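Under the UniProt record's numbering, the first residue of the sequence shown is numbered 1, with each subsequent residue one higher.
See below for the structure under consideration.
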Amino acid sequence: MNGVNIHDQKKIRSIIGFLPQEFSMYGNMTAYQAMDYLAVLCELDKRTRRTRINALLEQVNLTIHKNVKVKAMSGGMKRRLGIAQALLNDPKILVVDEPTAGLDPEERLRFRNLLAEVSENKIVLLSTHIAGDIEAAAENVAILEQGRIIFSDSIEELLLNAQGKIFSVQIPRTELNTAKKQVQIISLQQESSTSHLRFIGKSDAQIMRHPLVIEERPTLEDAYLYLLSSKGGE
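Next comes the structure, spelled out in structure tokens:
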């Protein structure tokens, strides 16, 4: 991994930074104290700790909050502090798990921009189910199913894989149950007497012959669902 023997656990740990989905620090510590405590565990000397902590707090826009106790911070601030602690040992690879889950739109945008900045000189592995995060921050994607990689390529290739497979149609609500038995519905909008469906097409499905069926340009979420459905049929 990154030129390091994967069996050398100490070296592997030294090149990896990690932000878990459920991140917490000692609530009664200030942001600076919490960072200093973790920096000691990283075996950084006092001068290096001070320089590194101040630089990281500046990078994640927490300098003015460095004396605020962790328990008084918002969810977004805690998540940014989490990124800062993950970068303490200046890792080559940063792994983040569901980093924007539960954040408001403004904080989510700020966090995406932060990850983009970090990725300029580090490998960032982003684990998420939020398609918007992937589209905004990633060039390549790996999709896992039950611990097995079923796709690893560019986002563009993933979208191309679903080209010509996604359709929409508006039908009477009385026909909805029949449609559900024929195709996998991705999204559904109900009106007073009609249903608007977005679905994964199947050549032998009767609904494909409906005169109002329209081929749609696949979104990333469409492509993901199509991939899972196609692999499920293997």
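No residue lacks a Cβ here, since even glycine has one placed at the ideal position from N, Cα and C.
The structure displayed is predicted, hence computed values, not measured ones.
What does DSSP give as the partner residues of residue i in its beta bridges?
i: Asp-97; result: Ser-127
i: Ala-142; result: Ser-152
i: Glu-215; result: Phe-167
i: residue 258; result: Outside the displayed span of the chain (1 to 234) sits residue 258, for which this structure offers no information.
i: Ile-200; result: Ile-166, Gln-184
i: Gln-189; result: His-196
Contact defined as beta carbons within less than 8 Å: I believe residue i pairs with residue j. What is the distance between those atoms, to the nearest angstrom?
i: Phe-167; j: Ile-214; result: 6 Å
i: Ile-134; j: Leu-220; result: 6 Å
i: Asn-67; j: Tyr-26; result: The pair is not a contact, with the Cβ atoms about 15 Å apart (cut-off 8 Å).
i: Val-95; j: Leu-115; result: Between Leu-115 and Val-95 the Cβ distance is about 12 Å, and since that is not below 8 Å, they are no contact.
i: Arg-112; j: Ala-137; result: 5 Å
i: Lys-92; j: Ile-15; result: 4 Å
Taking the alpha carbon of residue i as the point to measure from, which residue in the options has its own alpha carbon closest?
i: Ala-55; options: Val-95, Met-35, Gly-201; result: Met-35
i: Ser-192; options: Gln-184, Thr-174, Gln-182; result: Thr-174
i: Asn-140; options: Arg-79, Gly-147, Ile-123; result: Ile-123
i: Ser-154; options: Gln-9, Cys-42, Tyr-224, Asp-90; result: Tyr-224
i: Gln-182; options: Ser-24, Gln-189, Ser-203; result: Ser-203
Can you check whether the C-beta of residue i is within less than 9 Å of a C-beta belonging to chain D?
i: Pro-172; result: The chain labelled as chain D is not found in the depicted structure, where only one protein chain is given.
Assess contact between the stretch 179-197 and the stretch 148-162, defined as three or more Cβ pairs (one per stretch) separated by less than 8 Å. Is contact present?
A contact between stretches requires three or more CB pairs, one per stretch, nearer than 8 Å, and the stretch 179-197 fails this requirement with the stretch 148-162.
Would you be able to state if there are at least three C-beta pairs under 8 Å between the stretch 203-210 and the stretch 169-181?
A contact is defined here as three or more CB-CB pairs under 8 Å, and the stretch 169-181 meets this definition with respect to the stretch 203-210.
In chain order, each alpha helix (DSSP H) run of at least 4 residues that lies wholly inside the UniProt domain "ABC transporter" (5-101)
Runs of the alpha helix (DSSP H) lying entirely within the UniProt domain "ABC transporter" (5-101), each at least 4 residues long, are 9-14, 31-41, 46-59, 75-86 in chain order.
Is the number of C-beta pairs between the stretch 94-105 and the stretch 71-85 that are closer than 8 Å three or more?
Contact between the stretch 94-105 and the stretch 71-85 is present, because at least three Cβ pairs lie under 8 Å.
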